[in-house]
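**Student:** This is the structure, below, for whatever I ask next.
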Amino acid sequence: MDMMPSAGAYVGSWTVMMAAMMLPSVAPFALLYARGASTAAAPGLLAAGYLAVWALVGVPAYALDRALGMEHPTATAAVLIAAGLYQLSPIKNACLRRCRSPVDFLVQHWRSGLGGAFRLGAEHGMFCLGCCIALMAVLVIAGGMGLVWVAAIALAVAAEKLLPWGELVSRIGGLALIVAGIVVAL
Numbered sequence: 016m017d018m019m020p021s022a023g024a025y026v027g028s029w030t031v032m033m034a035a036m037m038l039p040s041v042a043p044f045a046l047l048y049a050r051g052a053s054t055a056a057a058p059g060l061l062a063a064g065y066l067a068v069w070a071l072v073g074v075p076a077y078a079l080d081r082a083l084g085m086e087h088p089t090a091t092a093a094v095l096i097a098a099g100l101y102q103l104s105p106i107k108n109a110c111l112r113r114c115r116s117p118v119d120f121l122v123q124h125w126r127s128g129l130g131g132a133f134r135l136g137a138e139h140g141m142f143c144l145g146c147c148i149a150l151m152a153v154l155v156i157a158g159g160m161g162l163v164w165v166a167a168i169a170l171a172v173a174a175e176k177l178l179p180w181g182e183l184v185s186r187i188g189g190l191a192l193i194v195a196g197i198v199v200a201l
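Residues in the sequence shown are numbered from 16 upward in steps of one, following the working numbering.
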């Protein structure tokens, strides 16, 4: 019997999980935006734009999860090593810099109006995605979407974005992922 949920149920669950996982790290940005928003609806549209990005990522996550099934040690080792390398990459660092400075992001990307709020949320979501995509691949492939992995990755993301030494946390996490991938491969 196929225990995999439907695509709609998976993407819905994925989106709720992303909202919960990303809330601590995106809260400073959202709260700062809400203070300057011109209407009460704008913060909700900002959140909708942000979550729309993560909902769209749920589609390939579903396909990947469905294709690989529950356990695939070779894929697990590969994703751990690839995620570790990504954590050390210039792309990750560029996205992390944008996510770590909500004031700078708002000054550089501000959009007025309700459509602007949605677009601003989506733009921030894209940088957040660039920052966290490899960790989400680990969640799907190595972690099997388990709650322990969800909590660990949520803590890592929050530490990277909120702590003064967040970039160092990212690099240490990258090295740890590479080592874990090698251990799984062996």
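The beta carbon of each residue, even a glycine, is placed where N, CA and C say it ideally should be.
The structure displayed is predicted, hence computed values, not measured ones.
Checking 7 angstroms against the spacing of the C-beta atoms, do Leu135 and Leu61 come in under that value?
**Tutor:** yes
**Student:** Check Pro179 in the structure and name its three-state DSSP category.
**Tutor:** In the structure shown, the three-state DSSP call for Pro179 is coil.
**Student:** When the Cα of Ala63 is compared with those of Arg115, Val198 and Ala132, which residue comes out closest?
**Tutor:** Ala132
**Student:** Label Trp125 either buried or exposed according to how many other C-beta atoms from any shown protein chain fall within 10 Å of its C-beta, with 16 as the threshold for buried.
**Tutor:** exposed
**Student:** Excluding the five sequence neighbours on either side, which residues of its own chain have a C-beta within less than 6 angstroms of the C-beta of Met33, listed in chain order?
**Tutor:** The residues are Trp69.
**Student:** Please go through the same chain and pick out, in chain order, the residues whose beta-carbon is closer than 6 angstroms to the beta-carbon of Ser116, but skip the five residues on each side of it.
**Tutor:** Excluding positions up to five away in sequence, the list is empty.
**Student:** Would you mind reading off the limits of the alpha helix (DSSP H) that contains Ala157?
**Tutor:** First-last for Ala157: undefined, no H or E at that position.
**Student:** Tell me where the alpha helix (DSSP H) around Ser127 begins and ends.
**Tutor:** Run containing Ser127: none; DSSP gives neither H nor E here.
**Student:** Between the alpha carbons of Tyr77 and Tyr101, how many angstroms are there, rounded?
**Tutor:** 21 angstroms
**Student:** What did DSSP end up calling Pro75 once you bin it into helix, strand or coil?
**Tutor:** helix
**Student:** Nearest-angstrom Cα distance between Ala171 and Ala55?
**Tutor:** 32 angstroms
**Student:** Assuming contact is defined by CB atoms lying nearer than 7 angstroms, are Ala67 and Pro58 in contact in what I supplied?
**Tutor:** Ala67 is not a Cβ neighbour of Pro58, given a cutoff of 7 angstroms.
**Student:** Reducing DSSP to helix, strand and coil, say where Ser40 ends up.
**Tutor:** Of the three classes helix, strand and coil, the one that applies to Ser40 here is helix, per DSSP.
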